[in-house]
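Working notes, beginning with the structure itself.
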Amino acid sequence: MGVQLQGVLTAEVTETLDELAQLTMSAGAEVLLTVQQKKTRPDPALFIGKGKALEIKALAEYHQADTIIFDEDLSPAQQRNLEKMLETKVVDRAELILDIFSQRAHTREGKLQVELAQLHYRLPRLSGQGVLLSRLGGGIGTRGPGETKLEVDRRRIRDKISYLEKSIEEIKKHRGQQRSRRKETQIRVAALVGYTNAGKSTLLNHLCQADVLVEDKLFATLDPTSRQLVLPNGQLMVLTDTVGFIRKLPHQLVAAFRATLEEILEADVLLHVVDCHHDSREEQIKSVMEVLKEIGAENKPMITVLNKIDLLEGRQEFIDRMVSNYEPAVSISAKKMIGFEELETELMRQFAEDWNRLRLKIPHDRSDLMAHIHKVGRVHQIDYQPDGTYIDVSLKKEWVQKYQSYKVS
Ligand SMILES: Nc1nc2c(ncn2[C@@H]2O[C@H](COP(=O)(O)OP(=O)(O)OP(=O)(O)O)[C@@H](O)[C@H]2O)c(=O)[nH]1
Ligand SMILES: [Mg+2]
């Protein structure tokens, strides 16, 4: 069910409804029919108009639908009223996405985060109902936490939430330690970001000979996976694949997935993978930038990776125009392994920019500094002289300040 509110174009509604159908199938359900309504503003009680609701009820009965999915976020009251009136389970976009996530979460971290998001989603929907967790039928919206604990009160949900938050915090700490170890070394990190189904995992697999699950399904990847890669200049780097973004990503999810999304914040550069064959590519790029902003990563260095150019054969001009629009950008086919050299060149260029080459003179009694330089820098030449050790080294920007007083020309 999609609603075209005032100021929204018909094409846009059709596109997001197509996406909703894809999401529904990704959740393992079958789409029987889609319905649209034009409305100036949402009805406070039902979101849609009453007449439309009755029409949907008849259609649902006729098609024997057991779930009605709305492409918008419904208020707890709207959802309740609709379920009562339609006598069918009513799911909104956020709940549908949460359901897919709960089916896809495999690691402990992923599961904890999805459960946390689901509880945050359900908490306001418990008000005065007590047994709202006993949803009609099965399928979307009934999986995950709470389904068996019908009498669970808010208190216990709150306790569960704080327990989950604590567990996630611990995982986060552990991850932070791993990262700081990585930071001490010279390994650079690039994080793959992008709309779901853009081809991030395919790129990771083909660039790093990895075997991450690739599927023509939304949200195939939930957990961060990292693989090492050696660039042609010998630079060692790590490529991290993570959860894809989507329009109207439920804010409960973004909040709960903070630990996972931190991988993005910590990266040296972001590779924004775009399905440039997709009709909604511009919208998708916008949505990705919005989520990046929400997590505070909008100012990270970014390379736009225009993917799936194998589907745009004979449209080189169009591709070139996109590349120059999104500079720095490269066009590739992750599947057919086209354009990988250009991508690697661009990565090397990005990484080179934040390395500074310096010549330092380190006093003989500062072996601690020498050890540190070897650890964090790339040493090109060492010259032991009576007045100190002369060292020609490349250092990351963050270390240059520390060695300022040892600089020699
Ligand atoms: N034609 C073509 N298809 C591609 C290309 N890259 C990826 N695909 C297909 O696009 C679909 C999604 O690929 P994934 O690598 O799973 O996409 P993803 O960005 O990891 O998606 P999520 O994990 O869901 O966020 C799969 O069916 C891939 O085979 C490409 O360069 N060309
Ligand atoms: Mg993936």
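Residue numbering for the sequence shown follows my numbering, starting at 1335 and increasing by one per position. Think of the CB as a built atom: it goes at the ideal place given N, C-alpha and C, for glycine as much as any other residue. Treat the numbers as computed from the prediction; the structure is a model and nothing was measured.
Going by the CB atoms, is the gap between residue j and residue i shorter than 8 Å?
| i | j | result |
| --- | --- | --- |
| ASP1557 | THR1368 | no |
| ASP1426 | LEU1408 | yes |
| PRO1566 | GLU1687 | no |
| ARG1691 | SER1728 | yes |
| THR1422 | ALA1363 | no |
| ILE1637 | LEU1605 | yes |
| ILE1725 | VAL1710 | no |
| THR1594 | ALA1525 | no |
| GLN1413 | ARG1459 | yes |
| THR1536 | ALA1668 | yes |
| SER1436 | VAL1424 | no |
| GLU1406 | SER1614 | no |
What's the call for residue i, buried or exposed, on a 16-neighbour Cβ count within 10 Å?
| i | result |
| --- | --- |
| LEU1681 | buried |
| THR1374 | exposed |
| PHE1652 | exposed |
| ALA1392 | exposed |
| THR1530 | buried |
| VAL1622 | buried |
| PRO1662 | exposed |
| VAL1607 | buried |
| VAL1564 | exposed |
| GLU1353 | buried |
| ASN1744 | There is no way to answer for residue 1744, as the model of the chain reaches only from 1335 to 1743. |
| GLN1562 | exposed |
| LEU1756 | Nothing in the structure corresponds to residue 1756, since the chain is present only between 1335 and 1743. |
| VAL1742 | exposed |
| GLU1597 | buried |
| GLU1549 | exposed |
| LEU1538 | buried |
| LYS1534 | buried |
| GLY1444 | buried |
| ALA1394 | buried |
| ARG1456 | buried |
| GLY1673 | buried |
| LYS1372 | exposed |
| TYR1737 | buried |
| GLN1735 | exposed |
| ASP1609 | buried |
| ALA1532 | buried |
| ALA1387 | buried |
| GLN1744 | In the structure displayed, the chain extends from 1335 to 1743; residue 1744 sits before or after that span and is not available. |
| ARG1438 | buried |
| LEU1547 | exposed |
| ALA1590 | buried |
| ALA1705 | exposed |
| SER1468 | Residue confidence for SER1468 is low, a pLDDT of 48 falling below 50, so the modelled location carries little weight; the figure read from the coordinates is stated next. SER1468 should be labelled exposed. |
| ALA1554 | buried |
| THR1482 | Any reading at THR1482 is ruled out, since the residue's pLDDT is 48, under 50, leaving its predicted position unreliable. |
Contact defined as beta carbons within less than 8 Å: I believe residue i pairs with residue j. What is the distance between those atoms, to the nearest angstrom?
| i | j | result |
| --- | --- | --- |
| LEU1432 | LEU1552 | Actually they do not touch by this definition, with Cβ atoms about 13 Å apart. |
| ALA1361 | LEU1430 | 6 Å |
| ALA1601 | THR1574 | 7 Å |
| LEU1746 | ILE1521 | Nothing about residue 1746 can be read from this structure; the chain reaches only from 1335 to 1743. |
| HIS1611 | LEU1587 | Not quite, the Cβ-Cβ distance comes to about 27 Å (not below 8 Å), so this is no contact. |
| HIS1397 | LEU1366 | 5 Å |
| GLY1568 | GLY1528 | At roughly 28 Å, the Cβ-Cβ gap does not stay under 8 Å, so GLY1568 and GLY1528 are not in contact. |
| LEU1640 | VAL1603 | In fact, because the Cβ distance is near 16 Å, the residues do not count as touching under 8 Å. |
| HIS1540 | MET1671 | 5 Å |
Between the stretch 1377-1391 and the stretch 1449-1458, are three or more C-beta pairs nearer than 8 Å?
Between the stretch 1377-1391 and the stretch 1449-1458 there are fewer than three inter-stretch CB-CB distances shorter than 8 Å, so the stretches are not counted as touching.
So within the stretch 1540-1628, which uninterrupted beta strand (DSSP E) runs reach at least 3 residues, ignoring any that extend past its ends?
Every beta strand (DSSP E) of 3 residues or more that sits fully in the stretch 1540-1628 is shown, in chain order, as 1559-1564, 1570-1575 and 1603-1609.
Taking the runs of the alpha helix (DSSP H) that are 4 residues or longer, which of them lie wholly in the stretch 1656-1726?
Those alpha helix (DSSP H) runs which fall completely within the stretch 1656-1726 and span 4+ residues are 1674-1687 and 1701-1710.
How do the stretch 1583-1597 and the stretch 1623-1640 stand: do at least 3 beta-carbon pairs fall below 8 Å, yes or no?
Touching, yes, given that three or more Cβ pairs across the two stretches are closer than 8 Å.
Contact between the stretch 1694-1701 and the stretch 1658-1672 is defined here as three or more beta-carbon pairs at a separation below 8 Å; is this criterion met?
No: fewer than three Cβ pairs fall under 8 Å.
Curious, which full-length beta strand (DSSP E) runs of at least 3 residues does the stretch 1362-1442 contain?
Listed in chain order, the complete beta strand (DSSP E) runs (minimum 3 residues) inside the stretch 1362-1442 are 1370-1373, 1401-1404 and 1423-1426.
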